[in-house]
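A short write-up of the structure that comes next.
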DNA sequence: GCGACTTTGTGCCTCCCTTCACAAAGTCGT
DNA sequence: ACGACTTTGTGAAGGGAGGCACAAAGTCGC
């Protein structure tokens, strides 16, 4: 196995998507005072199979000890390093509707090391208002936030109509990572990464499964 | 091609996950007055390739016309039927913290036909309070909600510590579909479907991509 | 009516992800 | 010091999803 830096570049996306789950499970173990953990136990805590866990970790390097397991602290910091969590990632939330306000008040971000440095809205009537102890600023503040505070991640919580425009402003200011809560597909240059979280999509998928199992039962009868 | 009912049972999960996106794009087209659409256009609106769109739709049946495209209204209702959206899906939100309150106030659910019929919390000090015009009820109301109002989907917006307990109560009351916003892996019986939405996981994945592209640039220099 | 044209539906191929199964490597008891 | 035991790391196999390319099927102009 080569160095972690070289290995990291080959981590498959599917594995990357599971790393945060491992990190969370490890953090819980560390808080409980556990020093060492087997792939079997850790996998159970993250909701995956042990074979998958071991293969995922093998992409980062060999940090386990055969016959024993993984050192909780060590593995947690290796995963954090692989995810790039050693540096901080300033976040701005765009759109101060219901969802935006909730996200602004949400503690989960800070707990995982993401610092919300600004709340933005394009509506002048909202700009200047205070949300969760933080003033709402205009979209025109973006370039300065990127330049002077290293803003790296934009969270879009606007209505669907305004999402593309908000995204364009973020990208133009130099933001390369976008988390999109609006129900639209955003168009961005290749170097920008967008992830979409859509609540109604999730509910519709649940509806499909609920519907199907009802149909299955009817057929089985 | 057999009947839609038979075909539906074989729809791969990956395709199901994209159906809501197609439905959204079709709804937008219908609102704009478009009567017919090609796979190429619809795919662009949903952010996928046209070949993929056609293959996904072929799992539902043949609703297109060669040389012409798809009838917008017809296809939308076929997809809605496949997803089980012809019936309504009463939803309850559990956990009235920041996130729960935001979800309660969120308009998106109703727009897509999901009716929030109850807000729940296990904390007696919050029960009775009014959130978004709806009273907060105790967890003990669950069995009645399932029995008398057909509650089918539970949304968990509790802190991580309380999520499993909330989930157990939902399942015990007869809820078979759960949308989990808490950062924990829930254990449920096989017949229950859980989908997890974790904001910090999404941010961590974005951090990885931002980090990697920074590394790539450094190496290329 | 007929031929040129457009667009769907699908067989095939490839690639990636997941699972299986086991050798390698380390620990622990004696 | 050595052998039994535990657990990792990984090669190989299996399965599924996405992309390609084309035949099938329909429309439209003449």
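Residue numbers (our numbering), protein chains in the order written: chain A, -10 to 210; chain B, -10 to 210. Backbone N, C-alpha and C define an ideal beta-carbon position, used for all residues, glycine too. Quick caveat: nothing in here was measured; it's all calculated off a predicted structure.
For residue 161 of chain B, is the classification buried or exposed, using 16 other Cβ atoms within 10 angstroms of its Cβ as the cut-off for buried? Classification for residue 161 of chain B: exposed.
Less than 7 Å between C-beta atoms, sequence neighbours within five positions excluded: which residues of the same chain meet that for residue 207 of chain A? none
Please list the partners that residue 232 of chain B has in chain A, where partner means a Cβ-to-Cβ separation under 7 Å. In this structure chain B extends from -10 to 210, so residue 232 of chain B is not present and cannot be described.
Proximity of residue 83 of chain B and residue 155 of chain B at Cβ, strictly below 7 Å: yes
Work out the CA separation of residue 46 of chain B and residue -6 of chain B for me, nearest whole Å. With a pLDDT of 40 at residue -6 of chain B, under the threshold of 50, the modelled position of that residue is not reliable, and the figure given next carries that caveat. So the alpha carbons of these two residues sit roughly 14 Å apart.
What ranges does the beta strand (DSSP E) occupy inside the region 24 to 63 of chain A, keeping only unbroken runs of at least 3 residues that lie completely in it? 58 to 60
Would a C-beta distance cut-off of 7 Å place residue 61 of chain A and residue 23 of chain A closer than the cut-off? yes
Partners in chain A for residue 139 of chain B, counting only beta-carbon separations shorter than 9 Å: The contacting residues do not exist; residue 139 of chain B stays about 11 Å from chain A at best.
Check the Cβ-Cβ distances between residue 9 of chain A and every residue of chain B, and say whether any is below 7 Å. Output row for residue 9 of chain A: interface = yes.
Please confirm whether residue 192 of chain B has its beta-carbon closer than 7 Å to some beta-carbon of chain A. yes
State yes or no: is the beta carbon of residue 172 of chain A nearer than 7 Å to at least one beta carbon in chain B? Answer yes: the Cβ-Cβ gap between residue 172 of chain A and chain B drops below 7 Å somewhere.
Give a yes or no on whether 7 Å exceeds the smallest Cβ distance from residue 101 of chain A to chain B. yes
Would residue 6 of chain B and residue 34 of chain B be called neighbours here (beta carbons separated by less than 7 Å)? no
What three-state label does DSSP hand residue 182 of chain B in the structure shown? Looking at residue 182 of chain B - three-state DSSP - the assignment turns out to be strand.
Would you please verify whether the beta carbon of residue 198 of chain A is less than 7 Å from any beta carbon of chain B? Contacts with chain B at 7 Å (Cβ-Cβ) include residue 198 of chain A.
Would you give the residue range spanned by the beta strand (DSSP E) that residue 201 of chain A belongs to? First-last for residue 201 of chain A: 188 to 209, but that is the alpha helix (DSSP H), not the beta strand (DSSP E).
Is the region 160 to 174 of chain B touching the region 129 to 136 of chain B in the sense that three or more CB pairs, one from each, lie closer than 8 Å? Taking 8 Å as the limit for Cβ pairs, the verdict is that the region 160 to 174 of chain B does touch the region 129 to 136 of chain B.
Any C-beta of chain B within less than 7 Å: which residues of the region 136 to 166 of chain A qualify? 141, 142, 165 and 166
Helix, strand or coil, according to DSSP, for residue 100 of chain B in the structure here? DSSP places residue 100 of chain B in the helix class (H, G or I) of the three-state scheme.
Complete alpha helix (DSSP H) runs within the region 60 to 139 of chain B (minimum length 4 residues, chain order): 61 to 72, 87 to 94, 97 to 100 and 131 to 138
Could you run through the region 63 to 85 of chain B and flag, in chain order, every residue whose CB is less than 8 Å away from some CB of chain A? 71, 72, 73, 74, 76, 78 and 80
Residue 12 of chain A: first and last residue of the uninterrupted alpha helix (DSSP H) it sits in: 2 to 20
Short Cβ contact (7 Å threshold) for residue 140 of chain A with residue 94 of chain A: no
So, residue 159 of chain B versus residue 184 of chain B, is the Cβ gap smaller than 7 Å? no
Where residue 168 of chain B sits in the DSSP three-state scheme: strand
Along the region 30 to 60 of chain A, where does the CB come closer than 8 Å to a CB of chain B? Name the residues. 34, 35 and 36
Please tell me whether residue 52 of chain A and residue 67 of chain A are closer than 7 Å, where the distance is taken between their beta carbons. yes
Residues that DSSP places opposite residue 143 of chain B in a beta bridge: In the DSSP secondary-structure assignment, residue 143 of chain B is bridged to B:81 and B:167.
Using a Cβ-Cβ cutoff of less than 7 Å, which residues in the same chain neighbour residue 57 of chain A once the five nearest sequence positions on both sides are dropped? 25
Could you say which of A:137, A:44, A:174 and A:138 lies nearest to residue 150 of chain A if we only look at CA atoms? A:174
Considering residue 159 of chain A, what are the terminal residues of the alpha helix (DSSP H) in which it resides? 149 to 162
Applying the criterion that 16 or more other CB atoms from any shown protein chain within 10 Å of the CB defines a buried residue, is residue 187 of chain A buried or exposed? Of the other Cβ atoms in all chains shown, 16 or more fall within 10 Å of the Cβ of residue 187 of chain A; this residue is therefore buried.
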